[in-house]
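Let me begin by presenting the structure, written as structure tokens, before commenting on it.
In the working numbering, the protein residues as written are 210 to 673.
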């Protein structure tokens with residue numbers, strides 16, 4: 210019984226790791242998979258492959274992007290990534306068993322996948338870290354199946370080739386982990402004859418690893434980050450009540466949180482009533498994101514302009530995001546939609562051709578291709594264009610002038626009106642608020658919103 214337990218313990222641990230990782234990926238860490246999928250777009254083209262082959266050490270990133278595309282699916286990507294992380298434990302153990310015929314009672318090989326699992330909580334985590342190590346461990350395991358003498362002879366060529374393809378750090382780490390596992394197995398294997406010592410030592414080590422991982426996981430877990438990502442995901446799906454729910458749970462001040470919440474307030478019909486019931490920590494900048502050149506903010510600025518129908522400005526933000534973040538699915542999709550709605554089918558087709566090279570967005574790209582020349586996109590309505598007017602440059606630092614311009618061009622734009630009123634309230638411009646209040650007659654409110662009435666009364670009292 211004891212020998213059977215020792216023989217299969219690595220398979221038991223491998224299964225346990227797979228189960229743990231998959232459970233967490235489906236539960237507490239599920240929000241990270243859409244984020245990573247939206248940051249990368251794998252393309253089936255020679256040009257895309259050449260960008261990685263032309264630079265030494267980039268092949269791991271190519272493989273990572275290939276894996277990340279499956280994060281688009283609700284389960285497949287999570288299963289694949291859980292399996293890859295778990296194999297980072299199994300391959301060194303099998304390699305050690307093949308070379309020495311012994312097991313490591315300290316189970317040191319379990320530490321790398323646990324470390325990467327904790328690091329995965331961070332948005333800055335690179336999937337290529339896991340895929341590059343996976344490639345190195347897999348190759349080492351395959352080499353360990355050869356005679357020992359040949360295995361040791363091929364270590365140097367293995368290191369040189371993988372260093373060129375993946376970067377030197379990954380084969381170095383893989384070899385180091387295998388060496389440590391081998392030494393531990395050789396040194397501590399003598400204790401394996403004593404069943405109590407072996408089992409007790411294994412349980413103690415695994416308990417320490419589990420406790421350390423649990424502590425680091427809880428300590429590193431960023432609930433505020435999760436709420437922001439979930440709020441954006443609900444925003445894309447136009448699930449506005451869920452957006453409000455996420456932004457309410459957020460603790461602390463964050464401009465992006467205020468930005469999402471105010472959009473949800475309008476879409477749920479609560480902006481004229483509940484605007485000041487929430488902390489507008491950034492004043493007028495809670496309503497929009499002024500252009501500052503920030504790489505992260507470039508991903509979010511288009512939302513407000515798209516909903517306002519100000520598609521030229523939404524397109525500018527999408528293009529800035531393309532420049533900063535590359536050809537991601539959201540960037541390409543947004544540019545396709547905006548260019549079709551703005552009557553620029555040839556420009557849209559350029560981005561459609563790129564999107565068609567992907568696996569999961571090909572069908573969507575083909576649908577856009579069919580309607581490229583119609584100028585119609587469901588859910589998008591461009592601001593009426595004045596043929597005889599000179600070109601107008603948007604104010605990228607201040608939303609107020611743009612809201613007035615939109616209201617003047619389209620008096621039926623209720624969102625522009627409510628945002629203009631909110632802008633004037635947050636900037637404490639009572640006179641301009643009262644001057645623009647008559648625009649409300651274009652809309653069918655059940656009555657004057659109490660917030661608007663209160664400001665109007667206060668202004669009238671001040672004028673007496």
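Where is the CB? At the ideal position from N, CA and C, for every residue including glycine. Nothing here was measured: the structure is a model prediction, and the numbers come from that model.
Coarse secondary structure for residue i, derived from DSSP in three states
| i | result |
| --- | --- |
| residue 211 | A caution first: residue 211 carries a pLDDT of 48, below 50, which makes its placement in the model too unreliable to give a value. |
| residue 511 | helix |
| residue 334 | coil |
| residue 408 | helix |
| residue 537 | coil |
| residue 519 | coil |
| residue 355 | coil |
| residue 266 | coil |
| residue 367 | helix |
| residue 529 | helix |
| residue 429 | helix |
| residue 553 | coil |
| residue 603 | coil |
| residue 421 | helix |
| residue 487 | coil |
| residue 311 | coil |
| residue 228 | helix |
| residue 341 | helix |
| residue 524 | helix |
| residue 217 | helix |
| residue 255 | helix |
| residue 381 | helix |
| residue 559 | helix |
| residue 656 | coil |
| residue 237 | coil |
| residue 461 | coil |
Candidates the options, of which the one nearest residue i by Cα
| i | options | result |
| --- | --- | --- |
| residue 159 | 265, 304, 418 | The question about residue 159 has no answer, for the chain in this structure spans 210 to 673. |
| residue 556 | 530, 539, 524 | 524 |
| residue 506 | 464, 366, 478, 516 | 464 |
| residue 287 | 256, 329, 264, 660 | 329 |
| residue 453 | 472, 551, 462, 585 | 472 |
| residue 350 | 327, 300, 281 | 300 |
| residue 338 | 387, 405, 270, 422 | 270 |
| residue 618 | 306, 529, 592 | 592 |
| residue 291 | 637, 332, 232, 257 | 232 |
| residue 546 | 664, 242, 416, 512 | 512 |
| residue 343 | 222, 360, 380 | 380 |
CB contact check: residue i to chain C, cutoff 9 Å
| i | result |
| --- | --- |
| residue 417 | The structure shown has no chain C; it contains just one protein chain. |
Alpha helix (DSSP H) segment containing residue i, residue limits
| i | result |
| --- | --- |
| residue 376 | Where residue 376 is concerned, there is no enclosing alpha helix (DSSP H), given that its DSSP letter is neither H nor E. |
| residue 283 | Unbroken run through residue 283: none, as it is neither H nor E. |
| residue 193 | A question about residue 193 goes unanswered here, because the residues of the chain that appear run from 210 up to 673. |
| residue 614 | 608-618 |
| residue 476 | 464-476 |
| residue 666 | 659-672 |
| residue 683 | Past the boundaries of the shown model lies residue 683; the chain is included only from 210 to 673, so the question cannot be answered. |
| residue 645 | 639-645 |
| residue 456 | 449-458 |
| residue 497 | That residue, residue 497, is in no alpha helix (DSSP H); it is neither H nor E in DSSP. |
| residue 677 | In the structure displayed, the chain extends from 210 to 673; residue 677 sits before or after that span and is not available. |
| residue 321 | 320-328 |
Which runs of the beta strand (DSSP E), 3 residues or longer, sit entirely within the segment 563-589? none
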